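Visitor: Here the protein sequences come in this chain order: A and B. Once you know that position 15 of the first sequence is 23 in our numbering, the rest is easy, because the numbers rise by one and skip nothing. Once you know that position 57 of the second sequence is 868 in our numbering, the rest is easy, because the numbers rise by one and skip nothing. Quick reminder that beta carbons are idealized off the backbone N, C-alpha and C, glycines included. Since the structure is predicted, the reported quantities are computational estimates derived from the model, not experimental observations. Can you keep this structure in mind? I'll have questions shortly.
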Amino acid sequence: RKEVEQDPGPFNVPEGATVAFNCTYSNSASQSFFWYRQDCRKEPKLLMSVYSSGNEDGRFTAQLNRASQYISLLIRDSKLSDSATYLCVVNNGNNRKLIWGLGTSLAVNP
Amino acid sequence: EPEVTQTPSHQVTQMGQEVILRCVPISNHLYFYWYRQILGQKVEFLVSFYNNEISEKSEIFDDQFSVERPDGSNFTLKIRSTKLEDSAMYFCASVRDGQTTQYFGPGTRLLVL
Numbered sequence: 009r010k011e012v013e014q015d016p017g018p019f020n021v022p023e024g025a026t027v028a029f030n031c032t033y034s035n036s037a038s039q040s041f042f043w044y045r046q047d048c049r050k051e052p053k054l055l056m057s058v059y060s061s062g063n064e065d066g067r068f069t070a071q072l073n074r075a076s077q078y079i080s081l082l083i084r085d086s087k088l089s090d091s092a093t094y095l096c097v098v099n100n101g102n103n104r105k106l107i108w109g110l111g112t113s114l115a116v117n118p
Numbered sequence: 812e813p814e815v816t817q818t819p820s821h822q823v824t825q826m827g828q829e830v831i832l833r834c835v836p837i838s839n840h841l842y843f844y845w846y847r848q849i850l851g852q853k854v855e856f857l858v859s860f861y862n863n864e865i866s867e868k869s870e871i872f873d874d875q876f877s878v879e880r881p882d883g884s885n886f887t888l889k890i891r892s893t894k895l896e897d898s899a900m901y902f903c904a905s906v907r908d909g910q911t912t913q914y915f916g917p918g919t920r921l922l923v924l
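Below is the structure:
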């Protein structure tokens, strides 16, 4: 089983749509969880951390289910500028090494 | 806002040559990382560095790779004898003590011919 697994997509949605991405991780001892966004040929940028109670940042909502080892990201009212690859990222240990999923590609269309 | 910077932005080299990729982490950060991303593939951890020594390295980080923090500001990744499969985007990241958020530099695109 891959350490961090995501559906690569692509997801093609119209502007204004709600889209959800899922991610599973294999190491039950994982400690921290993140969603990063990566634009084509650019560096990954932190979108949001994911907390056990779930958290929201504007149009973005992240959920964590430790029992199922499952992380989700919901984007509401999607904008053209949301088009990017969304990377599910897990931190397993004290040295903060990040383990990355392959990413889910999102294209928001006018 | 402070940023992680990396130089060069692009590097083209011949197979077997040595390359040094440079990073300037954010000034009050204490943990430093190198990652790479081969085109179309996932980001992969290479090495973490803290307190002037390597704290963890991946299987990719073999004897051809080394890291240094020569002067308290730069953090370098050296590849001694490049191979074709070293062609990738190399990202440096740094973290402040007590935090978990990694801040990434813009990357160096390495092409080995």
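At a CB-CB cut-off below 7 Å, which residues of chain A make contact with tyrosine 842 (chain B)?
Guide: Correct list: Arg104.
Visitor: Is isoleucine 896 (chain B) helix, strand or coil when you go by DSSP?
Guide: Sequence inspection shows glutamate at residue 896 (chain B); the isoleucine mentioned does not correspond to that position. Looking at glutamate 896 (chain B) - three-state DSSP - the assignment turns out to be helix.
Visitor: Output yes if chain B places a C-beta closer than 7 Å to the C-beta of tryptophan 108 (chain A); else output no.
Guide: Using a CB distance cut-off of 7 Å, tryptophan 108 (chain A) counts as an interface residue toward chain B.
Visitor: In chain A, what lies closer than 9 Å to phenylalanine 902 (chain B) by C-beta?
Guide: Glu51 and Pro52
Visitor: Quick check: is any heavy atom of the ligand COA less than 6 Å from the C-beta of cysteine 903 (chain B)?
Guide: Within the structure as shown, the ligand COA is missing, as the structure has no ligands at all.
Visitor: Could you check where the beta strand (DSSP E) with cysteine 31 (chain A) kicks off and where it finishes?
Guide: 27 to 33
Visitor: If contact is defined by three or more beta carbon pairs under 8 Å, each pair taking one atom from either stretch, is the region 878 to 890 of chain B in contact with the region 76 to 84 of chain A?
Guide: no
Visitor: With a cut-off of 8 Å on the beta carbons, I'd call leucine 114 (chain A) and aspartate 85 (chain A) a contact; round off their distance for me.
Guide: Contact flag wrong, Cβ pair sits at about 14 Å.
Visitor: Given that serine 40 (chain A) touches chain B, what residues does it touch there, using C-beta distances under 8 Å?
Guide: The contacting residues are Thr911.
Visitor: Using a Cβ cut-off of 8 Å, pull out every chain B residue sitting near glycine 111 (chain A), in sequence order please.
Guide: Lys853
Visitor: Assuming the contact rule is C-beta atoms closer than 8 Å, glycine 111 (chain A) and threonine 93 (chain A) should be a hit. Round their C-beta distance to whole Å, please.
Guide: 4 Å
Visitor: Between which two residues does the beta strand (DSSP E) carrying leucine 890 (chain B) extend?
Guide: Note that residue 890 (chain B) corresponds to isoleucine in the displayed sequence, not to leucine. Element bounds for isoleucine 890 (chain B): 886 to 890.
Visitor: With a cut-off of 8 Å, do at least 3 Cβ pairs link the region 34 to 41 of chain A to the region 820 to 834 of chain B?
Guide: no
Visitor: According to DSSP, is leucine 88 (chain A) part of a helix, a strand, or is it coil?
Guide: helix
Visitor: Can you round the beta-carbon distance between glycine 918 (chain B) and methionine 900 (chain B) to whole angstroms, since I take them to be within the 8 Å contact cut?
Guide: 5 Å
Visitor: Which bits of chain C does valine 906 (chain B) rub up against, with CB to CB less than 8 Å?
Guide: The displayed structure is made up of protein chains A and B, and chain C is not among them.
Visitor: Going by Cα to Cα distance, which pick from B:Asp882, B:Thr912 and B:Val858 is closest to aspartate 874 (chain B)?
Guide: For aspartate 874 (chain B), the closest C-alpha among the options B:Asp882, B:Thr912 and B:Val858 is that of B:Val858.
Visitor: Identify the contact partners of asparagine 99 (chain A) in chain B, using a Cβ-Cβ distance below 8 Å as the criterion.
Guide: Under the 8 Å cutoff, chain B gives Thr911.
Visitor: Please identify the residue among A:Ser61, A:Leu81 and A:Ser60 whose C-alpha is closest to the C-alpha of valine 27 (chain A).
Guide: Measuring from the Cα of valine 27 (chain A), the nearest candidate turns out to be A:Leu81.
Visitor: Is there a C-beta anywhere in chain A that falls below 7 Å from the one on phenylalanine 872 (chain B)?
Guide: no
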